[in-house]
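Input: a single structure, listed below in structure tokens.
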Amino acid sequence: MITYTLTRSKRKTVALYVRNGNIEVRAPLKMPKSDIDKFVASKEKWITDRLVKSQKQSEQRESFELNYGDTVLYRGKNYPIIVKPGNRVGFDDTAFFMPPNLPAEQIKSACVQVYRMLAKRVLTEKTLDFAKRMAVAPTAVKINGATTRWGSCSARKSINYSWRLIMADDDVIDYVVVHELAHLTEMNHSARFWVIVGSVLSDYRERQKRLKELQKKLNIENWE
Numbered sequence: 004m005i006t007y008t009l010t011r012s013k014r015k016t017v018a019l020y021v022r023n024g025n026i027e028v029r030a031p032l033k034m035p036k037s038d039i040d041k042f043v044a045s046k047e048k049w050i051t052d053r054l055v056k057s058q059k060q061s062e063q064r065e066s067f068e069l070n071y072g073d074t075v076l077y078r079g080k081n082y083p084i085i086v087k088p089g090n091r092v093g094f095d096d097t098a099f100f101m102p103p104n105l106p107a108e109q110i111k112s113a114c115v116q117v118y119r120m121l122a123k124r125v126l127t128e129k130t131l132d133f134a135k136r137m138a139v140a141p142t143a144v145k146i147n148g149a150t151t152r153w154g155s156c157s158a159r160k161s162i163n164y165s166w167r168l169i170m171a172d173d174d175v176i177d178y179v180v181v182h183e184l185a186h187l188t189e190m191n192h193s194a195r196f197w198v199i200v201g202s203v204l205s206d207y208r209e210r211q212k213r214l215k216e217l218q219k220k221l222n223i224e225n226w227e
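So the sequence shown is residues 4 to 227, counted in our numbering.
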């Protein structure tokens, strides 16, 4: 018998999820428990494969660290982490630089500091540029540490981005920017919403796929 967590709701179909080594089943309110058990049993191989993959990802995340000489992504390109005399950390268009003799954990923290700085500048510029083109007006552009959402739009029309987005290439960044700005007109994911996105970026579906590829990469990198 496979152990799982069951969540019932007013949904019409049964769904199965494997996250962080845990199995969750979401089922309709009136679906018999015996039918749910049969469904889970029929997916045993899939569940086993996902659990193995999840364990491997967890081990990779735990072993993730950064050292001098390693490379990190910025706007879709890899740049080295180098030593620079002094106490400053930053990016000079060729490398992420930081003081000497930092342990791995501090190197990672320094990279995050630089990422946040770059994200604030680049994402604000892109947001204001696309806002003019789309005839919308966000009230603010903020950077946060979200791990499950690339961006969001608040009811007060504030646009928020995860600093991790700055790792994506410009085409993918532009997609997230346009996506969030479209929410200033349509606060949902209706057909009208996607018409707005498509009117600005006709190839947005391809950009979505590339964003998912970046998410897969970050799933095995512990930036927390």
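Backbone N, C-alpha and C define an ideal beta-carbon position, used for all residues, glycine too.
Worksheet entry | One or two residues paired with GLY154 in a DSSP bridge | Position 151 of the sequence shown, counting from 1, holds the residue named residue 154. Looking at the DSSP assignment, GLY154 forms a beta bridge with TYR164.
Worksheet item: Leaving out five residues before and five after LEU105 in sequence, what residues of the same chain have Cβ atoms less than 7 Å from its Cβ?
Response: Locating residue 105 in the sequence shown gives position 102, where the first residue counts as 1. Taken in chain order, the residues that qualify are ALA113.
Discussion item. Please classify ALA18 as buried or exposed, where buried requires at least 16 other C-beta atoms within 10 Å of its C-beta.
Written reply: Mapped onto the sequence shown, residue 18 falls at position 15. Classification for ALA18: exposed.
Worksheet item: Hey, would you say GLY154 sits closer than 8 Å to ILE162, going by beta carbons?
Response: Position 151 of the sequence shown, counting from 1, holds the residue named residue 154. Position 159 of the sequence shown, counting from 1, holds the residue named residue 162. Their beta carbons are under 8 Å apart, which means GLY154 touches ILE162 by this criterion.
Worksheet item: Grouping DSSP H, G and I as helix and E and B as strand, with all else coil, what is SER205?
Response: Against the sequence shown, residue 205 aligns to sequence position 202. Correct three-state label for SER205: coil.
Worksheet entry | Cβ neighbour criterion (16 or more within 10 Å) applied to GLU183 | Locating residue 183 in the sequence shown gives position 180, where the first residue counts as 1. GLU183 comes out buried.
Item to complete: Tell me PRO31's beta-bridge partners as DSSP assigns them.
Response: Counting from one through the sequence shown, the residue named residue 31 turns up at place 28. Note: PRO31 sits in a beta bridge opposite SER12.
Discussion item. Looking only at its chain, what residues have a beta carbon closer than 6 Å to the beta carbon of ALA122, apart from the 5 residues adjacent to it on each side?
Written reply: Numbered from its first residue, the sequence shown carries residue 122 at position 119. So the qualifying residues of the chain are ILE146, TRP166, ILE169.
Worksheet item: Would the beta-carbon of PHE133 fall within 8 Å of that of VAL181?
Response: The count along the sequence shown starts at 1 and reaches residue 133 at position 130. The count along the sequence shown starts at 1 and reaches residue 181 at position 178. It is a contact, given that the beta carbons lie within the stated cut-off.
Worksheet item: For LEU76, which option in ASP173, LYS87, LYS212 has the closest C-alpha, if you only look at C-alpha atoms?
Response: For the purposes of this step, residue 76 is taken as the residue at position 73 of the sequence shown. The shortest C-alpha separation from LEU76 is found at ASP173.
Worksheet item: What does DSSP give as the partner residues of ASN81 in its beta bridges?
Response: Against the sequence shown, residue 81 aligns to sequence position 78. ASN81 pairs with LEU76.
Worksheet item: Straight-line CA distance for LEU32 to THR6?
Response: Here the question's residue 32 lines up with position 29 in the sequence shown. Here the question's residue 6 lines up with position 3 in the sequence shown. Near 19 Å, if we compare the C-alpha coordinates of THR6 and LEU32.
Discussion item. Applying the 10 Å Cβ sphere with the 16-neighbour rule, what's the burial state of THR130?
Written reply: Against the sequence shown, residue 130 aligns to sequence position 127. Burial call: buried.
Worksheet item: Nearest CA to the CA of VAL115: which residue from PRO103, ASP52, GLY93?
Response: Numbered from its first residue, the sequence shown carries residue 115 at position 112. Here the closest residue by C-alpha is GLY93.
Item to complete: Can you tell me which of ARG124, ALA194, THR151 puts its alpha carbon nearest to the alpha carbon of ALA143?
Response: Here residue 143 is taken as the residue at index 140 of the sequence shown, counted from 1. Ranking ARG124, ALA194, THR151 by Cα distance to ALA143 puts ARG124 first.
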